[in-house]
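Residue numbers (our numbering): 7 to 433.
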């Protein structure tokens with residue numbers, strides 16, 4: 007948490023306006039700055055029911071209590087209580103006298119003193135690692151700030167409340183999180199995000215809001231904060247887009263899931279995960295009971311789409327899994343063709359033509375597998391350590407290359423592959 011110390015520019019409230027309506031004892035002690043005595047006299051005066059609604063008395067109660075709260079001889083607890091009562095009295099004064107002339111004459115100095123004092127006490131408690139009390143005091147300070155902003159109350163000279171008290175709100179967010187007040191933290195995160203702040207430290211605010219509205223399935227707010235996060239933190243776009251994908255897919259299954267993936271290819275045309283996972287989901291679908299009843303043309307269209315999706319995926323990002331999937335896709339198709347070729351026993355011209363066409367198609371598929379298999383070999387060769395799955399993938403892709411080079415009659419490349427196989431056995 008970033009900490010900063012409150013500037014010591016406490017605005018000194020002055021005794022403005024007429025105080026003739028108050029008893030002499032109160033006026034005398036206020037003028038001499040004997041605030042403890044003034045407090046006792048004011049408390050006694052206001053305790054009388056007929057004086058409780060005296061606007062002037064409530065203003066000076068706020069002034070006196072605020073002054074006492076800044077007395078270094080007071081304990082932190084005493085200062086906190088005095089500030090709370092000062093703020094309550096100041097608000098009551100404004101309710102009792104809608105024109106509130108005294109706060110105007112003193113340029114709301116008392117209000118700003120209460121705000122600064124609360125904040126200063128919050129800092130002290132934070133430094134003492136009393137996070138609960140620090141949190142409470144920062145909340146008090148924010149209440150004063152919000153009251154000032156809502157009522158357009160400016161201080162002396164150029165002093166005014168910022169519309170968004172960013173540091174104070176962020177302190178509250180951090181402390182709420184520290185105190186396991188998750189729902190409170192989200193309130194302050196939302197204030198940060200709604201102010202459209204983009205400092206690196208605020209990334210947590212956007213992330214937590216995105217996760218909250220994802221859980222709640224609130225599309226409007228999820229999209230709002232996810233869009234802001236992508237705009238402010240473009241380096242993390244893969245993460246934001248992953249949340250976007252997860253939100254869009256939800257609990258969808260079968261063709262509803264595939265249709266949503268198709269939509270996502272338009273929304274996120276450069277997202278590797280969308281295209282790769284879409285291909286995986288199509289493959290799962292056509293192998294499941296859910297695809298039963300689909301006609302052959304529809305299934306073939308899905309198979310064609312798988313190839314297109316893997317190609318798009320590796321064009322976005324050349325990964326081991328993507329290249330392996332494509333190489334294996336072409337490799338597997340050659341086996342299907344070999345089975346069909348083996349079934350053709352006749353020697354009639356028409357039968358021979360079909361057979362030769364199938365042989366040519368098989369060779370073309372073998373050649374198509376080569377660039378993806380070679381890229382997979384390159385990526386596997388960059389690994390520092392090899393798990394069992396890595397070794398298995400290495401053997402598979404070398405077998406694909408061996409098959410392809412045999413089919414194309416490339417003896418030199420075939421020899422290189424056979425040598426590499428021996429090396430892989432030693433990993």
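Note that CB positions come from ideal geometry on N, CA and C, so glycine has one too.
Which same chain residues end up closer than 8 Å to residue i when comparing Cβ atoms and leaving out the 5 residues on each side of it in sequence?
i           : result
residue 125 : 12, 143, 144, 147, 174
residue 430 : 397, 400, 401, 404
residue 52  : 58, 60, 63, 64, 67
residue 248 : 279
residue 220 : 228, 249, 252, 253
residue 243 : 236
residue 425 : none
Relative to the alpha-carbon of residue i, which residue among the options has its alpha-carbon at the smallest distance?
i           : options            : result
residue 93  : 75, 262, 117       : 117
residue 406 : 257, 342, 428, 334 : 334
residue 368 : 345, 206, 385      : 345
residue 47  : 72, 62, 30, 285    : 30
residue 230 : 353, 246, 241      : 246
residue 419 : 377, 393, 217      : 377
residue 28  : 41, 280, 237, 64   : 64
residue 293 : 306, 177, 258      : 306
residue 123 : 150, 112, 205      : 150
residue 89  : 311, 71, 272       : 71
residue 343 : 278, 360, 354      : 360
residue 83  : 421, 209, 131, 353 : 131
residue 222 : 237, 252, 198      : 252
residue 287 : 204, 259, 106, 42  : 259
residue 391 : 347, 433, 187, 421 : 433
residue 385 : 269, 320, 371, 351 : 320
residue 87  : 105, 314, 104, 120 : 120
residue 323 : 350, 276, 355, 296 : 276
residue 325 : 299, 380, 341      : 380
residue 110 : 155, 75, 161, 95   : 161
residue 239 : 205, 215, 226      : 205
residue 412 : 337, 382, 54, 226  : 337
residue 382 : 76, 217, 302, 330  : 330
For residue i, count neighbouring Cβ atoms within 10 angstroms of its own Cβ and tell me buried if that reaches 16, exposed if not.
i           : result
residue 358 : exposed
residue 395 : exposed
residue 167 : buried
residue 389 : exposed
residue 193 : exposed
residue 398 : exposed
residue 171 : buried
residue 91  : buried
residue 164 : exposed
residue 332 : buried
residue 241 : exposed
residue 265 : exposed
residue 81  : exposed
residue 35  : buried
residue 41  : buried
residue 169 : exposed
residue 299 : exposed
Leaving out five residues before and five after residue i in sequence, what residues of the same chain have Cβ atoms less than 7 Å from its Cβ?
i           : result
residue 373 : 410, 414
residue 15  : Confidence in residue 15 is poor, its pLDDT being 38 and thus under 50, which makes the residue's placement unreliable; the coordinate value appears in the next sentence. Excluding positions up to five away in sequence, the list is empty.
residue 318 : 281
residue 128 : 140, 143, 144, 147
residue 263 : 255, 287
residue 270 : 251, 254, 280
residue 102 : 59, 61, 64
residue 44  : 32, 35, 36, 70
If you follow the alpha helix (DSSP H) that residue i is part of, which residue opens it and which one closes it?
i           : result
residue 169 : No alpha helix (DSSP H) holds residue 169; DSSP gives it neither H nor E.
residue 60  : First-last for residue 60: undefined, no H or E at that position.
residue 212 : 209-221
residue 138 : 137-156
residue 53  : 41-53
residue 387 : 355-387
residue 198 : 188-200
residue 128 : 115-133
residue 35  : 30-37
residue 298 : Where residue 298 is concerned, there is no enclosing alpha helix (DSSP H), given that its DSSP letter is neither H nor E.
residue 425 : 417-431
residue 408 : 394-414
Hey, does residue i have any beta-carbon neighbour from chain C nearer than 9 Å?
i           : result
residue 221 : Annotation note: the requested chain C is absent from the structure, which comprises a single protein chain.
Near residue i, which residues of its chain fall below 6 Å by C-beta distance, leaving aside the five closest residues on each side in sequence?
i           : result
residue 208 : 198
residue 284 : 267, 315
residue 272 : none
residue 296 : 260
residue 366 : none
residue 213 : none
residue 427 : 404
Taking only runs of the alpha helix (DSSP H) that begin and end inside the stretch 67-110, which ones reach a length of at least 4 residues, in chain order?
82-102
Which runs of the alpha helix (DSSP H) at least 4 residues long sit entirely within the stretch 305-337? Give them in chain order.
none
Fully enclosed by the stretch 217-280, which alpha helix (DSSP H) runs are 4 residues long or longer?
225-238, 243-255, 260-273
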